[in-house]
Amino acid sequence: MTRDSHDVIVKTLARLLMPFMVVFALYVVMHGHHSPGGGFQGGVILAAGFVLLVISHGLEQTRKRMSEKVAEIISSIGVLIYGGIGVLCLILGGNYLDYGTLSKLLRVTPAEARSLGILGVEIGVALAVMAVMCTVFFAIFTAGESSQDDRSVK
Amino acid sequence: MKILSLMTVFLVGAALIYGTLDMPKWGDPQSPASTHVSPYYLNHSLEDTATPNVVTSVLADYRGYDTFGETVVIFTAGMACILLLKAGRKRRGNGHV
Amino acid sequence: MFEFIISHYNYWMYIGLMMVGFYAMMVKRNLVKKIIGMNIFQSAIILFYISTSVKKGASVPILEHAHEGHGAVAHAVDVMQYANPLPHVLMLTAIVVMVATMGVALAVAIMIYKRYHTLEEDEIIMAMKRG
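Below, the structure written as structure tokens:
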């Protein structure tokens with residue numbers, strides 16, 4: 004299961020689809036202000052790209068691009084971006100996650116500062132969701148690899 | 161046992177259907193769910209946040225703290241998966257449980 | 008009477024779906040089938056919430072005439088023209104939490120399978136009683 008498939012059609016199609024999936028995911032994240040979309044949806048589409056890569060090219064090839072350790076770090080960074088923007092608002096003299104105070108830093112009107120704050124938060128959510136989906140998929144995918152005897156009852 | 165469970169299912173279902181008799185009609189614009197806070201969001205989203213997509217502005221601005229909690233929840237779920245499936249394996253590899 | 012059924016049968020559909028999931032969670036002996044039942048249950052709740060946001064003749068809650076640029080003059084918004092955004096927001100996060108709970112549940116099921124070599128509930132209970 005963890006080896007790559009030998010089907011040329013599957014491999015070529017996956018290689019062709021992967022960049023389009025990534026670009027579409029970034030579009031969904033960035034265009035969430037004007038159309039249906041946002042951090043959760045874009046992050047899941049990004050993670051779906053990596054799942055496709057695991058299925059077509061095998062785990063070893065995918066680990067070069069997105070290993071478990073990197074996924075753990077990115078998920079922490081995503082939550083940190085979200086919480087960090089909230090703390091930044093706190094430092095600038097507003098309430099927690101009150102993006103209006105970011106206008107002092109970004110030199111725009113408070114409404115536009117809120118728009119940009121939403122964008123930053125969505126990026127954090129997208130990173131966290133993508134990394135967590137990859138982590139869960141890798142963990143369940145590789146669960147059968149290890150020996151399954153020494154902790155069993157029988 | 162199976163009969164008992166089936167009876168419970170039908171009882172709960174009947175109680176829930178009894179509860180729907182007082183629910184507003186499908187697609188009713190005057191239902192209590194659509195007249196309480198959502199008009200405020202729809203009216204003020206553009207001037208407050210400059211974001212036409214009201215779902216995004218409610219998700220990340222008006223109820224940002226809620227979404228932060230959700231992000232922490234999925235982060236915790238990912239960590240739980242790692243702890244369940246990865247940490248145990250490493251310890252077993254060293255020989256002691 | 009007929010009008011009442013027409014305007015309320017969507018709730019009954021969701022209750023039917025929910026009870027299918029509830030039955031699977033209670034009666035099925037296989038743990039993976041229980042997880043599938045939990046997923047059906049959660050899907051029914053999500054459908055119920057989305058159906059409360061519907062307004063007849065309304066479109067998605069994305070404001071029109073707002074694409075001319077940021078900070079455009081805020082004109083009066085006809086609330087009846089847009090669906091209720093609040094249930095959409097709540098269910099957006101609920102879907103992600105549903106996937107997260109399913110991942111953790113499957114991880115726990117894998118651990119149980121590694122230890123007892125079965126996913127049948129009664130066999131697991133018998134093995135637990137033996138040792």
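Protein chains in written order, with the numbering used here: chain R, 4 to 157; chain C, 161 to 257; chain Z, 8 to 138. Glycine included, each C-beta is placed from N, C-alpha and C at the ideal position. Computed from a predicted model, the values in this text were never measured in an experiment.
Start and end residues, alpha helix (DSSP H) containing residue 110(Z): 92-123
Three-way DSSP call (helix, strand, coil) for residue 98(R) in this model: coil
Opposing strand residues paired with residue 89(Z) [DSSP bridges]: 66(Z)
Inter-residue spacing [alpha-carbon to alpha-carbon] between residue 187(C) and residue 67(Z): 13 Å
7 Å Cβ cut-off: residues of chain R touching residue 104(Z): Those do not exist, as residue 104(Z) stays about 10 Å from chain R at its closest Cβ, beyond 7 Å.
Buried or exposed (CB count within 10 angstroms, at least 16 for buried), residue 225(C): exposed
Test: residue 245(C) CB closer than 8 Å to a CB of chain Z: yes
Close-in-space but distant-in-sequence residues of the same chain around residue 214(C) (CB under 7 Å, 5 per side omitted): 201, 202 and 205
Nearest-angstrom beta carbon gap, residue 15(Z) and residue 180(C) [assumed within contact, 8 Å]: 6 Å
Local Cβ density within 10 Å of residue 98(R), reported as buried at 16 or more and exposed below that: exposed
Buried or exposed by the 16-neighbour rule on C-beta atoms within 10 Å, applied to residue 30(Z): buried
Below-8 Å beta-carbon distance, residue 45(R) vs any chain C residue: no
Chain-ordered chain C contacts of residue 44(Z) [CB-CB under 7 Å]: Taking a Cβ-Cβ cut-off of 7 Å, residue 44(Z) has no neighbours in chain C, whose nearest Cβ is about 11 Å from it.
Cross-chain neighbours of residue 142(R) in chain C, by beta carbon under 8 Å: Near residue 142(R) (Cβ distances below 8 Å), the residues of chain C are 241, 242, 244, 245 and 246.
Within chain Z, partners of residue 39(R) - CB distance below 8 Å: 67 and 69
Contacts of residue 39(Z) in chain C (Cβ-Cβ under 9 Å): In chain order: nothing, as chain C lies at least about 16 Å away.
Proximity winner among 50(R), 105(R) and 10(R), relative to residue 28(R) (alpha-carbon distances): Cα-wise, what sits closest to residue 28(R) is 50(R).
Interface positions of the segment 218-236 of chain C facing chain R (Cβ-Cβ less than 8 Å), listed along the chain: 219, 220, 221, 224, 225, 227, 228, 231, 232, 234 and 235
Burial state of residue 208(C) (16 or more Cβ within 10 Å): buried
Helix, strand or coil at residue 148(R) [DSSP, three-state]: coil
Chain R contact residues for residue 203(C), given Cβ-Cβ distances below 8 Å: Within 8 Å Cβ-Cβ: nothing; residue 203(C) doesn't reach chain R, min ~14 Å.
Inter-residue Cα distance where the pair is residue 57(R) and residue 174(C): 46 Å
Sub-8 Å separation of residue 127(Z) and residue 37(Z) beta-carbons: yes
Separation of residue 48(R) from residue 22(R), as counted between CA atoms: Taking the straight line joining both Cα atoms gives about 12 Å.
Contact belief for residue 131(R) with residue 235(C) at Cβ below 8 Å, rounded distance in angstroms: 6 Å
At least 3 beta-carbon pairs within less than 8 Å: the segment 68-82 of chain R vs the segment 122-139 of chain R: yes
Cβ of residue 50(R) within 8 Å of any chain C Cβ: Answer no: the Cβ-Cβ gap between residue 50(R) and chain C never drops below 8 Å.
C-beta neighbour in chain R for residue 192(C), strict 8 Å: no
Test item: CB-CB of residue 94(R) and residue 42(R) under 8 Å: no
Near-chain Z residues of the segment 53-87 of chain R - C-beta to any C-beta below 8 Å: none
Chain C contacts from the segment 22-33 of chain R (Cβ-Cβ distance under 9 Å): none
Straight-line Cα distance separating residue 87(R) from residue 80(R): 10 Å
Test: residue 22(Z) CB closer than 8 Å to a CB of chain R: no
Residue nearest to residue 30(R) in terms of C-alpha spacing, selected from 19(R), 17(R), 44(R) and 20(R): 44(R)
Bridge partners - residue 37(Z), DSSP secondary structure assignment: 127(Z)
Cross-strand partners of residue 213(C) (DSSP beta bridge): 69(Z)
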